[in-house]
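With positions in the sequence shown counted from 1, the corresponding number in this note's numbering is that position plus 116.
Quick notes on the structure that follows.
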Amino acid sequence: MNYDGSGERCLVNSIVTDLHHLDGKFFNKNSDRFACLSEAGKGRHQKHSSVTIYDLSNRHLEVDSSFTVDHNSGFMAISNDDTIIAIGVLKCDKITIYEISTGDLLINVEGGQRSGFWGSLYFLSGENHNNALVELRVTEMIKSKTKNSIVRLWDLGFRPTINEDGDVSDD
Numbered sequence: 117m118n119y120d121g122s123g124e125r126c127l128v129n130s131i132v133t134d135l136h137h138l139d140g141k142f143f144n145k146n147s148d149r150f151a152c153l154s155e156a157g158k159g160r161h162q163k164h165s166s167v168t169i170y171d172l173s174n175r176h177l178e179v180d181s182s183f184t185v186d187h188n189s190g191f192m193a194i195s196n197d198d199t200i201i202a203i204g205v206l207k208c209d210k211i212t213i214y215e216i217s218t219g220d221l222l223i224n225v226e227g228g229q230r231s232g233f234w235g236s237l238y239f240l241s242g243e244n245h246n247n248a249l250v251e252l253r254v255t256e257m258i259k260s261k262t263k264n265s266i267v268r269l270w271d272l273g274f275r276p277t278i279n280e281d282g283d284v285s286d287d
């Protein structure tokens, strides 16, 4: 039997999948949507990475949409306006930016170091930041422990907008 914090019964809902879960984020605007970054394998065999958007509005996990992303994708952030998703690519100093509604790749942001094992991404809040990302990336590991890491600010400098006719354009 399952209980919530107040001691009352609660329902646990789950979806069984063969994908290796790597990261998950709730959308920002008091939404019932959840994004899950998954891969079909582990280690050197990570292929067919995907983002799946779940809708929890009916108190069940329902798949809303899904799209394929770069191999070896490992960490992500959702923009404050819930329009784009930034995904860090493991063992490659690259971040890919996708439009959430269509799954289209918007840009690749290359870091230049050609390394980077693991990291985390955060979109900064506030109108003045214009989709600025903060990235923490581990660049050197020894015996499974972090030796060196870097913190970077990425200013993406664009914001996709939806026109009156429903088309997406970059500002």
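All C-beta atoms, glycine included, are put in the ideal place defined by N, C-alpha and C.
Owing to the predicted nature of the structure, the values given are computational and were not obtained by experimental measurement.
Original post:
Using the rule of at least 16 other Cβ atoms within 10 Å of the residue's Cβ for burial, across every protein chain shown, is Tyr214 buried or exposed?
Top reply: buried
**OP:** Determine the extent of the beta strand (DSSP E) in which Leu172 is found, giving its start and end residues.
**Re:** Element bounds for Leu172: n/a, residue is neither H nor E.
**OP:** Just tell me which of Lys207, Glu226, Gly273 and Asp198 has its CA closest to the CA of Thr218.
**Re:** Asp198
**OP:** For Gly242, count neighbouring Cβ atoms within 10 angstroms of its own Cβ and tell me buried if that reaches 16, exposed if not.
**Re:** exposed
Original post:
Looking only at its own chain, which residues have a Cβ that is under 7 Å from the Cβ of Glu256, when we skip the five neighbours before and after it?
Top reply: Lys263 and Asn264
Subject >> DSSP-derived helix/strand/coil call for Val179 >> reply: strand
Subject >> Nearest-angstrom Cα separation, counted from Arg253 out to Lys261 >> reply: 13 Å
Subject >> Distance between Ser154 and Lys259 (C-alpha atoms, nearest Å) >> reply: 25 Å
**OP:** Would you check if the distance between the CB atom of Ile201 and the CB atom of Met192 is smaller than 8 Å?
**Re:** yes
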